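Undergrad: Below you will find the structure I want to go over with you.
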Amino acid sequence: MLKNAVQALAAPARGADQPVYGCLSVGNLFTTTCWSRTPGARSLPQCEPVVFESRGWEIDLARRELRARGSPVPIGNRAFEIIETLVRSAGELVTKDDLMSRVWPGAIVGDNTLQVHISAIRRAFGADRGMLKTVAGRGYRLLGDWTIRERSAPAKRPSGSQVRTASHPFLTNVPVAASALIGRETAVQHLRDLLSAYRVVTLAGPGGIGKTVLASEVARRLVPALESDVLLVELVSLSDPELVPSAVASTLDLQLRGDEMSPAAVARALGGRKVLLLLDNCEHVIDAAATMAETLLRLCPHATVLATSREVLRIEGEVVYRVPPLEVPAEDLEASDEVLEHSAVQLFVARTRSLRSDFQPQADKLPVIGSICRQLDGIPLAIELAAARAATLGIQQVAGRLDDRLALLTGGRRTALPRHQTLRATLDWSYELLPEPERRLLRQLAIFPAGFTLEAAMAVSGDSESSVALGISSLVTKSLVALDGSEAARRWRLLETVRVYAFEKLADSGDQGQVVRRHAEFCLSLFAPFAVEGELQAAIDDLARFRREVDNLRAALSWAFSACGDTSLGVALAATATDFWVAVSLVAECCEWAGKALAALGEAAGTYHEMVLQCGLGFALIFTQGMGAAPREALIRTLSLARQSGDFDYQQRATYGLWLFSARAMALDDALAFAREYEEVARVRGLQSRAMAAWLVGIPQTYLAAHDEAGERLRWAIDHYPVERRRRDMIRFASDLRASAMSHNTVNLLSQGLVAAASQTAMSAIEEARRTNQPTVLCVALAWAAGFVFLSLDELELAQGCGEELVDHAERHALHPFHAVGLCVQGALAARRGDPEGGVAPLRSGLAEMARAVYLLFYPFFRAELAAALAASGLLDDGLGEIDEALRFAETSGYLWFVPEILRIKGELLARRGLDDPAPIEDLFRRSMAQARAQKATYWELSSATSLAEHLCRHNRQAEAGAVLSPVYGRLTEGLSAPRVKRARALLDRLA
81 MLKNAVQALA
91 APARGADQPV
101 YGCLSVGNLF
111 TTTCWSRTPG
121 ARSLPQCEPV
131 VFESRGWEID
141 LARRELRARG
151 SPVPIGNRAF
161 EIIETLVRSA
171 GELVTKDDLM
181 SRVWPGAIVG
191 DNTLQVHISA
201 IRRAFGADRG
211 MLKTVAGRGY
221 RLLGDWTIRE
231 RSAPAKRPSG
241 SQVRTASHPF
251 LTNVPVAASA
261 LIGRETAVQH
271 LRDLLSAYRV
281 VTLAGPGGIG
291 KTVLASEVAR
301 RLVPALESDV
311 LLVELVSLSD
321 PELVPSAVAS
331 TLDLQLRGDE
341 MSPAAVARAL
351 GGRKVLLLLD
361 NCEHVIDAAA
371 TMAETLLRLC
381 PHATVLATSR
391 EVLRIEGEVV
401 YRVPPLEVPA
411 EDLEASDEVL
421 EHSAVQLFVA
431 RTRSLRSDFQ
441 PQADKLPVIG
451 SICRQLDGIP
461 LAIELAAARA
471 ATLGIQQVAG
481 RLDDRLALLT
491 GGRRTALPRH
501 QTLRATLDWS
511 YELLPEPERR
521 LLRQLAIFPA
531 GFTLEAAMAV
541 SGDSESSVAL
551 GISSLVTKSL
561 VALDGSEAAR
571 RWRLLETVRV
581 YAFEKLADSG
591 DQGQVVRRHA
601 EFCLSLFAPF
611 AVEGELQAAI
621 DDLARFRREV
631 DNLRAALSWA
641 FSACGDTSLG
651 VALAATATDF
661 WVAVSLVAEC
671 CEWAGKALAA
681 LGEAAGTYHE
691 MVLQCGLGFA
701 LIFTQGMGAA
711 PREALIRTLS
721 LARQSGDFDY
731 QQRATYGLWL
741 FSARAMALDD
751 ALAFAREYEE
761 VARVRGLQSR
771 AMAAWLVGIP
781 QTYLAAHDEA
791 GERLRWAIDH
801 YPVERRRRDM
811 IRFASDLRAS
821 AMSHNTVNLL
831 SQGLVAAASQ
841 TAMSAIEEAR
851 RTNQPTVLCV
861 ALAWAAGFVF
871 LSLDELELAQ
881 GCGEELVDHA
891 ERHALHPFHA
901 VGLCVQGALA
911 ARRGDPEGGV
921 APLRSGLAEM
931 ARAVYLLFYP
941 FFRAELAAAL
951 AASGLLDDGL
961 GEIDEALRFA
971 ETSGYLWFVP
981 EILRIKGELL
991 ARRGLDDPAP
1001 IEDLFRRSMA
1011 QARAQKATYW
1021 ELSSATSLAE
1031 HLCRHNRQAE
1041 AGAVLSPVYG
1051 RLTEGLSAPR
1061 VKRARALLDR
1071 LA
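Counting from 81, one number per residue, gives the positions in the sequence shown under our numbering.
See below:
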């Protein structure tokens, strides 16, 4: 039906060769054009006075209106052209390319622009949005039974309208830009798209975000393209909302009498005149501005409104564009060359240079500038004020005084509005427009540095859910609160500058004490699942939610332990959050807050809270500082309190902590004693306890060179450990059984000559550790891979990669013992690659750091590496002294697995000296072989046999050399491509 009707309309009383035209008027603001359905045809433009109708919808081509049941629906000019094109297609598919070529003839238009207009049409159709159907990857169809209801006469121009002629060009009063607009090019293009799709667009945002500057730039850019007046109406100076119509009429040069001054009178006088009206600074007269805009929209078909306001207009047809802050560099980018690519930094540099022409942003200043811009939330006004201060005080002075930003950031341009000359004045303007209940809520919300949920806001305000929700909603519309979260987890925040201001107001109000206490009590309730064994797993599963609260938790703890705080509340909160810090890999903070709480324990001494805090402190000190007296004392106290209260969870934690302390300090007898004690208790416990016992016993057995039994226990622990306990136990013990057992088992595998298995297990342990997202767990795996396996196998590239990652992780998370291992890896690699002098310093530094931390698991290994580096540097006696110390330490501490290799290295060093009597050297190599054989350590036996065979060859004892090396090599079943194994094979080939 529609197809036939369109055909009938398109060519009434025309011959077969006459072209058929379809009207594509660009409506309110742009030039009217027509398209021909006969290719190559040319004729004068004409528009059919046609109305299409379907299910209460009308598309009036003459009036350029979309109507719903007789009422006009606001829609932009380009969007209407798309509707016209689709309705003329009679339900057929119109491709995206056809739409863009017809609606934007000759222009290059991206898919984003088309999508903006399609969204506008769907929004206009409301509940019937399904009429506009997308055909994926192809184009669009307009569905429905569209009929021609009438032929409509073109809309008459109201008597008050003004017609422009060539002698009366279109007008604009938008001022010329004083300086280039920085960082807003994408926003300008997006707003141009919105203005061609919608008739009312509001730029909303907080004070100083740059709404007026952006809107003015958009208006200036549109002037050459529009056949329309582009007029700016400044509302900022109006003290009376009733003056809004008068201000609009004056700007439009409408001749109205005072008694006629109303929004309707202004709209009637404007009539059909084409105009883009920029209503600037609407927030203080918001109701009057909204009424004015809505009236213009209803009565003036060719008027479009662009508004700026801290609060949205909330009228039909309005599209809101929230003006974003400028781009600021992330904290981890501050030291890179990418800092200058961020628009906030570009603005700071440009404004500083405008006040000091010789200013050049030096590389060492860029991180500071990036930090300033980030702390100022990317707000252009704040950045411009900071740049003005930097031009006179210097960048470092500004950065150091941002805590007092409201006093610092003054001295704006003299020509600026008074409320834009200081940051405080800008915020005062917004604050004073609020009713008192919203002021009070804003002050209360300032307590949240990390944002807040509705539940949190209710807790600090003490008001009902409906009251708080309405208050937040209103503050969002007024650009003082921003949405900060997904639909599934609704969350809001205050920009930091707004929060600092509101917090000042909170302090002045006299309510601060009550609000901060409520905040701390809310945090105590929120983090409570981390302190309940039965709820810990659920808290871990929802860790992302708690992670967002880190800064709120810090704020609550800081207040609790301050002079005006409540230490008893602080002790409870610190204890409750202990496992949380471990869960989010902030072990150093666990140490800090546990220490503060224990120092203020008071009546909580001997309670559950003390037990939790002592345990958290003990583990945190082991990982961050090493095996000093303090962590041992804390863990012994934990074990005592756990036994008194019968708390098996904390008995298990404390026993593991003391075992870990002993093992890392190389007190292996103590470590094995703790492990055996735990093993006895675990016999009557579940699978998790038994797997843990096998792990704890297997590790000291590894150091003691009981490779067969140790390897069997560690493999059993890996295979039988219940994986569903993994995440919970990582928090309880700050370790991961699987990754740790695999890492330590590389010692057994390599020693036994299972070279390929050792290498593969090391890599598997790293992958296991990565999946935990726990820095301490990953550092353990990287340390054993880089600090033992790959160096021992002479796989230097792999050792370097793991070593660099180890240093990076250790530095980032303040894990000093692991940083020491990383330094030693770097030194060993330098020495092995031919730069022994360059390797000595990092080896010495790393060993000294290990000694300070009493982290001695790798101590003999790297003292042997230092000895070799010193000897290669020509300091042979120093090298021999180091190797003797390594041997003494290993033998006295029970670190037996590495003794064969230490003996071999000592023999190599003596061989460098060139002794007249080769017997002592041969004796060392044979002792090394004997010990390795007794330990069933085939790899170390092969290493010593190779050194001995080479020594014998140097003394023309080739037959003996072959007899020594051949049987050991023959016991290898894999790893034949490893460098040391290939060296042995090459020697045997030469001997053959």
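Cβ coordinates follow ideal geometry from the N, Cα and C atoms, glycine included.
Since we're looking at a predicted model, the values are computed, not measured.
Are there three or more Cβ pairs, one per stretch, closer than 8 Å when the region 386-393 is compared with the region 365-374?
TA: Yes, they touch.
Undergrad: Put residue 1088 into one of helix, strand or coil per three-state DSSP.
TA: Because the chain spans 81 through 1072 in this model, residue 1088 falls outside it and cannot be assessed.
Undergrad: Counting only the same chain and skipping the five closest in sequence on each side, list residues whose C-beta sits under 8 Å from that of residue 943.
TA: The count along the sequence shown starts at 1 and reaches residue 943 at position 863. So the qualifying residues of the chain are 927, 962, 963, 965, 966, 969.
Undergrad: Ends of the alpha helix (DSSP H) at residue 278?
TA: Position 198 of the sequence shown holds residue 278. Unbroken run through residue 278: none, as it is neither H nor E.
Undergrad: If you follow the beta strand (DSSP E) that residue 1026 is in, where does it begin and where does it stop?
TA: Position 946 of the sequence shown, counting from 1, holds the residue named residue 1026. Unbroken run through residue 1026 is the alpha helix (DSSP H), 1018-1034; no beta strand (DSSP E).
Undergrad: Provide the residue(s) that pair with residue 213 in DSSP beta bridges, ordered along the chain.
TA: Residue numbering aside, residue 213 sits at position 133 when the sequence shown is read from its first letter. In the DSSP output, where bridge partners are listed per residue, residue 213 has 221.
Undergrad: Looking at residue 734 and residue 748, is the spacing between their C-beta atoms short of 9 Å?
TA: As a working mapping, residue 748 is identified with position 668 in the sequence shown. As a working mapping, residue 734 is identified with position 654 in the sequence shown. Cβ distance not < 9 Å, so residue 748 and residue 734 don't count as in contact.
Undergrad: If you measure between the beta carbons of residue 814 and residue 826, is that distance less than 9 Å?
TA: Position 734 of the sequence shown holds residue 814. Position 746 of the sequence shown holds residue 826. Against a cut-off of 9 Å, the Cβ pair of residue 826 and residue 814 comes out as no contact.
Undergrad: Look at the Cβ atom of residue 636, then the Cβ atom of residue 653, and state whether they are nearer than 9 Å.
TA: For the purposes of this step, residue 636 is identified with residue 556 of the sequence shown, where counting begins at 1. For the purposes of this step, residue 653 is identified with residue 573 of the sequence shown, where counting begins at 1. Yes, these two residues count as a Cβ contact at 9 Å.
Undergrad: Alpha carbon to alpha carbon, how far is residue 706 from residue 934? Give it in angstroms, no decimals.
TA: The residue labelled residue 934 in the question sits at position 854 within the sequence shown. The residue labelled residue 706 in the question sits at position 626 within the sequence shown. Residue 934 and residue 706: Cα-Cα distance of roughly 6 Å.
Undergrad: What is the DSSP secondary structure of residue 191, counted as helix, strand or coil?
TA: As a working note, residue 191 is residue 111 in the sequence shown. Of the three classes helix, strand and coil, the one that applies to residue 191 here is helix, per DSSP.
Undergrad: Verify whether the separation of the beta carbon atoms of residue 281 and residue 363 is less than 9 Å.
TA: Residue mapping note: residue 281 aligns to position 201 of the sequence shown, counting from 1. Residue mapping note: residue 363 aligns to position 283 of the sequence shown, counting from 1. No; because the gap between Cβ atoms is not below 9 Å, this pair is not in contact.
Undergrad: My output table needs one value for residue 389: the three-state DSSP class, helix, strand or coil.
TA: Against the sequence shown, residue 389 aligns to sequence position 309. Reduced to three states, the DSSP call for residue 389 is strand.
Undergrad: Going by C-alpha distance, which of 855, 853, 856, 821 is nearest residue 841?
TA: Position 761 of the sequence shown, counted from the start, is the residue given in the question as residue 841. Closest by alpha carbon: 821.
Undergrad: Are the region 882-889 and the region 914-927 touching by the rule of at least three beta carbon pairs closer than 8 Å?
TA: The region 882-889, when compared against the region 914-927, does not touch it at the 8 Å Cβ threshold.
Undergrad: Starting from residue 184, trace the alpha helix (DSSP H) in both directions and tell me its first and last residue.
TA: Numbered from its first residue, the sequence shown carries residue 184 at position 104. Unbroken run through residue 184: none, as it is neither H nor E.
Undergrad: Could you give the C-beta distance for residue 948 and residue 985, rounded to a whole number, given that I count them as a contact under 8 Å?
TA: Here residue 948 corresponds to residue number 868 of the sequence shown, with the count starting at 1. Here residue 985 corresponds to residue number 905 of the sequence shown, with the count starting at 1. Residue 948 to residue 985, Cβ: 6 Å. Contact.
Undergrad: Can you list, in chain order, the residues of its chain with a C-beta nearer than 7 Å to that of residue 211? Leave out the 5 residues immediately preceding and following it.
TA: The residue labelled residue 211 in the question sits at position 131 within the sequence shown. Closer than 7 Å at Cβ, skipping near neighbours: 205, 222, 223, 224.
Undergrad: In angstroms, rounded to a whole number, what distance separates the CA positions of residue 570 and residue 478?
TA: Within the sequence shown, residue 570 is the residue found at index 490, counting from 1. Within the sequence shown, residue 478 is the residue found at index 398, counting from 1. Computed Cα separation, rounded: 35 Å.
Undergrad: If you drop the 5 nearest sequence neighbours on each side, which residues of the same chain put their C-beta closer than 7 Å to that of residue 359?
TA: Position 279 of the sequence shown, counted from the first residue, corresponds to residue 359. Contacts found: 313, 315, 369, 373, 385, 387.
Undergrad: My assumption, with CB atoms under 8 Å, is that residue 217 sits in contact with residue 427. Please give the rounded CB distance.
TA: Walking along the sequence shown from the start, residue 217 turns up at place 137. Walking along the sequence shown from the start, residue 427 turns up at place 347. With 8 Å as the limit, residue 217 and residue 427 do not qualify as a contact, their Cβ atoms being about 40 Å apart.
Undergrad: Do residue 630 and residue 655 come within 9 Å of each other at the CB atom, strictly closer than that value?
TA: Here the question's residue 655 lines up with position 575 in the sequence shown. Here the question's residue 630 lines up with position 550 in the sequence shown. No.
Undergrad: Which residues does DSSP list as the beta-bridge partners of residue 309?
TA: In the sequence shown, the residue the question calls residue 309 occupies position 229. Answer by DSSP bridge pairing, in chain order: 355.
Undergrad: Does residue 914 pass the burial test, meaning 16 or more other C-beta atoms within 10 Å, or should it be called exposed?
TA: The count along the sequence shown starts at 1 and reaches residue 914 at position 834. Burial call: exposed.
Undergrad: Does the region 589-602 come close enough to the region 538-553 that 3 or more CB-CB pairs lie under 8 Å?
TA: The answer is yes - the region 589-602 touches the region 538-553, with three or more Cβ pairs under 8 Å.
Undergrad: Which term fits residue 704, buried or exposed, when burial requires 16 or more other beta carbons within 10 angstroms of its beta carbon?
TA: As a first step, residue 704 is located in the sequence shown; it is residue number 624 there, counting from the start. Residue 704 comes out buried.
Undergrad: Measuring only the C-alpha atoms, how far is residue 419 from residue 645?
TA: Here residue 419 refers to the residue found at position 339 when the sequence shown is read from its first residue. Here residue 645 refers to the residue found at position 565 when the sequence shown is read from its first residue. When rounded, the distance between both Cα atoms is 40 Å.
Undergrad: Is the beta carbon of residue 976 less than 9 Å from the beta carbon of residue 784?
TA: The sequence position of residue 976 within the sequence shown is 896, counting from 1. The sequence position of residue 784 within the sequence shown is 704, counting from 1. Yes, the pair counts as a contact, with Cβ atoms nearer than the cut-off.
Undergrad: Which of helix, strand or coil does DSSP assign to residue 115?
TA: If you number the sequence shown from 1, residue 115 lands on position 35. Any reading at residue 115 needs caution, since the residue's pLDDT is 36, under 50, leaving its predicted position unreliable; the model's value is listed next. Note: residue 115 maps to strand in three-state DSSP.
Undergrad: Could you check the C-alpha separation between residue 1053 and residue 863 for me, to the nearest Å?
TA: In the sequence shown, residue 1053 corresponds to position 973, counting from 1. In the sequence shown, residue 863 corresponds to position 783, counting from 1. Near 27 Å, if we compare the C-alpha coordinates of residue 863 and residue 1053.
Undergrad: Do residue 936 and residue 973 have their beta-carbon atoms positioned less than 9 Å apart in this structure?
TA: Residue mapping note: residue 973 aligns to position 893 of the sequence shown, counting from 1. Residue mapping note: residue 936 aligns to position 856 of the sequence shown, counting from 1. Yes, these two residues count as a Cβ contact at 9 Å.
Undergrad: Does the distance from the CB of residue 865 to the CB of residue 823 come in under 9 Å?
TA: Residue numbering aside, residue 865 sits at position 785 when the sequence shown is read from its first letter. Residue numbering aside, residue 823 sits at position 743 when the sequence shown is read from its first letter. Yes, the pair counts as a contact, with Cβ atoms nearer than the cut-off.
Undergrad: Just the C-alpha distance for residue 343 and residue 349, rounded to the nearest angstrom, thanks.
TA: Here residue 343 refers to the residue found at position 263 when the sequence shown is read from its first residue. Here residue 349 refers to the residue found at position 269 when the sequence shown is read from its first residue. Answer to the nearest angstrom: the Cα atoms are 10 Å apart.
Undergrad: From residue 753 to residue 744, what distance separates their C-alpha atoms?
TA: Within the sequence shown, numbered from 1, the residue matching residue 753 stands at position 673. Within the sequence shown, numbered from 1, the residue matching residue 744 stands at position 664. Straight-line Cα distance between these residues: approximately 14 Å.
Undergrad: What residue ranges within the region 710-769 form continuous beta strand (DSSP E) runs of no fewer than 3 residues, ordered along the chain?
TA: Counting whole runs of 3 or more residues, the region 710-769 contains no beta strand (DSSP E) stretch at all.
Undergrad: Which residue comes first and which comes last in the beta strand (DSSP E) that contains residue 134?
TA: Taking the first residue of the sequence shown as 1, we reach residue 134 at position 54. Start and end: 130-134.
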